[in-house]
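Protein chains in written order, with my numbering: chain A, 80 to 481; chain B, 23 to 104. Just so it is clear, CB atoms sit at the ideal spot from N, CA and C, and this is done for glycine as well. Report on the following structure.
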Ligand code: HEM
Ligand code: HEM
Ligand code: SF4
Ligand code: SF4
């Protein structure tokens, strides 16, 4: 039996309008679930006072794992006893977020039995998120999840649950199999996922093409984004179709090409593919006429993050083009090297992008044994301060002569 | 070449470090790794250290905790719960 309904005039405002409302959803859950009911009460209180009433728990987890559970307690446990504990679980989602409806039902059943019944499908980490349970429920939830074939995801200073776009499962633009790579990385880094051993978190995100549907470039320590290195595939008659049916090719396609590498004479579209920066704009504008080339692979970028300790960073290119062939040895060797250097020298809570800024890209590249190349320059007029060995040799020659 | 230390030896040494500095220092996996590398020198490597940390956690002698970053500590009741 649920406790008496709480009065929530401020939250009720958030039910107005045509869009989905989390308040509406929590209220539905609160019909049956006392945790959801107290959650409404505490949230209303926070809106009145403009103060958060959650305390962070640092110890809760399941035996053997250092990640996957995010501890929270209410600082008003007397008033809201049903949310005195309100821990979150991250559950490792299947690559590309494909579930059977049967699996979803079973997941919800587990959560209604052991927690608030509230979920977040999905969190920005990619995980399926179970919101709100008590410490003593953690092991039982974990047991039932593993029986269903699911596992907890990452949290803390570990490899976070890798995530990817639906790639080849649904999208003709996928330049490599993002789901296969995500599954591989998830399995390969099980130890690092469950046992935090780094200075801070490490995220892998995989997008099949530069549209970057998982926003890897903005939020992964290693962003792996599909690309191609031959010419954009073009179907001339389909281009003509677009022109006939009203697409302003000059203005909307050619005019928005960031590389200014397209030409349209009213009949024939020409692309200077050597200058193309693979931004996907023209392909998105005329999907029936244009497609990524046939020589497809991926670009590996490093260092992005959202602002927490320091400001936001975008990833920059580390390996401009790589063909992926299982068992992805080239990739895992590179990652291992980076983890080693960063673990050895990174400060507490320093993401790899910040680490690179602190020690300098030149030193970082030298430490991981990767040669600097022009593609690594993030934008023009930025000096990466890479010094070539020959440069020093010449200098010392000069010294001798002086 | 010195003989490899056992997992038990390394995890015991880690446990002692954590216990001796309880309340003064929080250990991250990276700090523990560096400390036992110093202590055991050639007698241990990264793989052995990883196994020792795993042993420490799976035996229940230590737990992972999260305070901004992840730490390894001896289980105790936490303040936030009260
Ligand atoms: C029970 C209390 C809370 C818990 C357990 C909790 C936990 C979390 C977790 C696990 C995430 C990551 C979610 C993901 O993977 O997408 C997150 C994100 C976030 N939380 Fe909370 N949180 C709580 C309360 C709050 C409150 C009260 C606020 C602000 C008023 C807040 C603001 C945020 C924001 C802005 C993000 C980032 C969202 C995103 O990246 O999409 N959280 N929180
Ligand atoms: C030994 C003498 C000098 C050294 C070592 C030096 C070094 C540098 C370096 C490393 C940069 C950054 C380049 C970049 O990030 O793109 C720079 C930029 C610049 N330097 Fe110098 N510089 C020297 C002399 C001069 C002199 C004499 C002038 C002016 C008369 C000058 C004017 C500039 C300007 C205007 C920039 C900014 C260029 C930009 O827009 O990026 N420098 N210099
Ligand atoms: S990132 Fe590219 S390949 Fe992946 S779903 Fe989006 S458009 Fe398709
Ligand atoms: S992909 Fe982008 S840069 Fe390349 S031709 Fe099309 S619009 Fe231009």
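message: For residue 305 of chain A, list the residues DSSP reports as bridge partners.
response: A/377
task: Kindly identify the DSSP beta-bridge partner or partners of residue 172 of chain A.
output: None; residue 172 of chain A has no bridge partner.
- request: Apply the 10 Å Cβ neighbour rule to residue 66 of chain B and answer buried if 16 or more other Cβ atoms are within range, or exposed otherwise.
  value: buried
query: Just the residues with CB closer than 5 angstroms to a heavy atom of ligand 3, in chain order, which are they?
result: A/244, A/250, A/252, A/253, A/286, A/287, A/288, A/290, A/292
Euclidean distance between Cα positions of residue 384 of chain A and residue 323 of chain A: 44 angstroms
- request: Using only alpha-carbon positions, find the residue among A/350, A/111, A/285 that is nearest to residue 314 of chain A.
  value: A/350
message: Given a cut-off of 8 angstroms on the beta-carbon distance, is the pair residue 213 of chain A and residue 91 of chain B in contact?
response: no
message: On the CB-based measure, 16 or more other CB atoms within 10 Å of its CB, does residue 193 of chain A come out buried or exposed?
response: buried
- request: Out of A/87, A/122, A/108, point me to the one whose CA is closest to residue 197 of chain A's CA.
  value: A/108
field: Proximal residues of chain D, C-beta to C-beta of residue 125 of chain A below 9 angstroms
entry: No chain D is present in this structure, whose protein chains are A and B.
task: For residue 33 of chain B, return the contacting residues in chain A, with the cut-off set at a CB-CB distance below 8 angstroms.
output: Ordered by position in chain A, no residue passes the 8 angstroms Cβ test against residue 33 of chain B, which lies about 13 angstroms from the chain.
- prompt: Would you say residue 80 of chain A faces chain B, with C-beta separation under 8 angstroms as the test?
  reply: Confidence is the limiting factor: at residue 80 of chain A the pLDDT is only 42, short of 50, which leaves the residue's position unreliable, though a coordinate-based value still follows. Chain B, which has no Cβ nearer than 8 angstroms to the Cβ of residue 80 of chain A, makes this no.
query: Are the region 242–255 of chain A and the region 286–305 of chain A touching by the rule of at least three beta carbon pairs closer than 8 angstroms?
result: yes
- prompt: When the Cβ atoms of the region 159–172 of chain A are set against those of the region 106–124 of chain A, are three or more pairs found closer than 8 angstroms?
  reply: yes
field: Proximity test, Cβ basis, 8 angstroms: residue 242 of chain A and chain B
entry: no
query: Thinking C-alpha only, which one of B/52, B/103, B/50, B/97 is nearest residue 81 of chain B?
result: B/97
message: Using only CA atoms, which one of B/100, B/68, B/102 lies nearest to residue 54 of chain B?
response: B/68
query: Do residue 354 of chain A and residue 368 of chain A have their CB atoms nearer than 8 angstroms?
result: no
query: Going straight from the alpha carbon of residue 438 of chain A to that of residue 342 of chain A, what length do you get?
result: 43 angstroms
task: Could you check which residue in A/151, A/174, A/188, A/262 has the C-alpha nearest to that of residue 406 of chain A?
output: A/262
field: Counterpart residues of residue 118 of chain A in DSSP-defined beta bridges
entry: Residue 118 of chain A is not bridged to any residue.
task: Work out the CA separation of residue 172 of chain A and residue 293 of chain A for me, nearest whole Å.
output: 14 angstroms
- prompt: Hey, would you say residue 152 of chain A sits closer than 8 angstroms to residue 136 of chain A, going by beta carbons?
  reply: yes
- request: Rounded to whole angstroms, what's the CA-CA distance from residue 401 of chain A to residue 410 of chain A? Just pull it up for me.
  value: 9 angstroms
field: heavy atom of ligand 4 below 7 angstroms from residue 41 of chain B C-beta
entry: no
query: If you measure from the CB of residue 368 of chain A, is any heavy atom of ligand 4 nearer than 7 angstroms?
result: no
- request: Taking 8 angstroms as the cut-off, decide whether the C-beta atoms of residue 377 of chain A and residue 447 of chain A are in contact.
  value: no
message: Just to check my reading of the structure: residue 393 of chain A and residue 297 of chain A have Cβ atoms closer than 8 angstroms, yes? What is that Cβ distance to the nearest angstrom?
response: 6 angstroms
field: Same chain, Cβ closer than 7 angstroms to residue 256 of chain A, neighbours up to 5 away in sequence not counted
entry: 246, 247
query: Which value, in whole angstroms, describes the spacing of the CA atoms of residue 40 of chain B and residue 101 of chain B?
result: 19 angstroms
- prompt: According to a CB-to-CB cut-off of less than 9 angstroms, which residues of the region 48–65 of chain B neighbour chain A?
  reply: 50, 51, 52, 53, 55, 56
- prompt: So the alpha helix (DSSP H) residue 266 of chain A belongs to, where does it begin and stop?
  reply: 257–267
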